[in-house]
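Residues in the sequence shown are numbered from 2 upward in steps of one, following our numbering. Ideal Cβ placement from N, Cα and C applies to all residues, glycine included. Here's the structure we're looking at; comments come further down.
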Amino acid sequence: MSIQYKIHIDKIFEDIERARLSVNAHHIVKIVSVSKYNTSEDIKALYDIGQRAFGENKVQDLMQKTEILEELPLEWHFIGNLQKNKINNLIKSNPSMFQALDSIELAKELQLRLSREDMVLDTLLQINSANEESKHGFSLECAKDSFDQIKELCPNINIKGLMSIGAHSDNEKDTQKSFEDTKNLYDTLDNVNTLSMGMSADFELAIKCGSNMVRLGSRMFNY
Ligand SMILES: *Cc1c(COP(=O)(O)O)cnc(C)c1O
């Protein structure tokens, strides 16, 4: 680990610290380092300076990296779109959290396989907070009903909160609105503790809007 890399990471911590203190001193933010474009060696380098949570968006990559890095006490987050034919492999790789549950159909299928393995999976509902064609997730309007429905139908899916990707826009106000809308929805849900919003380009804004988990890829690994 070079000095330059350490300085780069410290700068990220400072940015997060400043944003979270602007919310309040008790607002704790967790970093998930998104390693989807990176090697196991890159992950090991971040592990060596204290990072524990990593995110992948392809089941195949998750399986490979969890196997290669098996002896390290890492926490894996699956943050990608999950196809039904990959559910068994996702379960086999036993992630700490699945952040991208995006439909009732997927929830039912996931429930079936989880109950067969007698496993409970911590999960976030993905919210398509600006109704973008290019993004997966529940709409803001139907998310609360879907949350209640999944709670009732899927005892092996433990919904811990919401995940959203900020609206893609040149106008920061649009992105801010998508974060605020997601936070307002989050506040209506019972027994949740995780609001995963914010990536390399917008994590400070997301934290100011109430995010307590940021998913940082390029900013963590490229310097
Ligand atoms: C790739 C990815 C990230 C990280 O993106 P960066 O802009 O590189 O920080 C975060 N969340 C999801 C769902 C992703 O697919």
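To which residues of the same chain is residue i closer than 7 Å at the C-beta, ignoring the five residues directly before and after it?
{"i": "residue 189", "result": "145"}
{"i": "residue 20", "result": "205, 208 and 209"}
{"i": "residue 181", "result": "210"}
{"i": "residue 1", "result": "What the structure shows of the chain is the stretch from 2 to 224, and residue 1 is not part of that stretch, so it cannot be assessed."}
{"i": "residue 87", "result": "60"}
Taking Cβ to Cβ, would you say residue i is nearer than 8 Å to residue j?
{"i": "residue 141", "j": "residue 186", "result": "yes"}
{"i": "residue 127", "j": "residue 139", "result": "yes"}
{"i": "residue 67", "j": "residue 94", "result": "yes"}
{"i": "residue 89", "j": "residue 101", "result": "no"}
{"i": "residue 196", "j": "residue 170", "result": "no"}
{"i": "residue 121", "j": "residue 113", "result": "no"}
{"i": "residue 227", "j": "residue 224", "result": "Nothing can be reported for residue 227, as the shown portion of the chain is limited to 2 through 224."}
{"i": "residue 218", "j": "residue 200", "result": "yes"}
{"i": "residue 125", "j": "residue 164", "result": "yes"}
{"i": "residue 30", "j": "residue 55", "result": "no"}
{"i": "residue 220", "j": "residue 13", "result": "yes"}
{"i": "residue 22", "j": "residue 48", "result": "no"}
{"i": "residue 216", "j": "residue 17", "result": "no"}
{"i": "residue 118", "j": "residue 92", "result": "yes"}
{"i": "residue 193", "j": "residue 160", "result": "yes"}
{"i": "residue 2", "j": "residue 44", "result": "no"}
{"i": "residue 62", "j": "residue 97", "result": "no"}
{"i": "residue 85", "j": "residue 154", "result": "no"}
{"i": "residue 105", "j": "residue 41", "result": "no"}
Any idea which residues DSSP pairs residue i with across the strands?
{"i": "residue 54", "result": "76"}
{"i": "residue 64", "result": "DSSP lists no partner for residue 64."}
Taking 6 Å as the limit between beta carbons, can you name the residues of its chain near residue i, skipping five residues before and five after?
{"i": "residue 179", "result": "130, 131, 167 and 168"}
{"i": "residue 103", "result": "127, 137 and 138"}
{"i": "residue 10", "result": "none"}
{"i": "residue 58", "result": "37, 80 and 81"}
{"i": "residue 173", "result": "none"}
{"i": "residue 52", "result": "34"}
{"i": "residue 46", "result": "2"}
{"i": "residue 99", "result": "79, 122 and 124"}
So what does DSSP say about residue i, is it helix, strand or coil?
{"i": "residue 217", "result": "strand"}
{"i": "residue 198", "result": "strand"}
{"i": "residue 32", "result": "strand"}
{"i": "residue 101", "result": "strand"}
{"i": "residue 90", "result": "helix"}
{"i": "residue 41", "result": "helix"}
{"i": "residue 3", "result": "coil"}
{"i": "residue 203", "result": "coil"}
{"i": "residue 15", "result": "helix"}
{"i": "residue 48", "result": "helix"}
{"i": "residue 212", "result": "coil"}
{"i": "residue 27", "result": "coil"}
{"i": "residue 83", "result": "coil"}
{"i": "residue 22", "result": "helix"}
Problem set entry | Minimum length 3: unbroken beta strand (DSSP E) runs contained in the region 107-192 | 122-128 and 158-165
Exercise. In chain order, what are the residues with a CB under 6 Å from some non-hydrogen atom of ligand 2?
Worked result: Of the ligands this structure carries, namely ligand 1, none is ligand 2.
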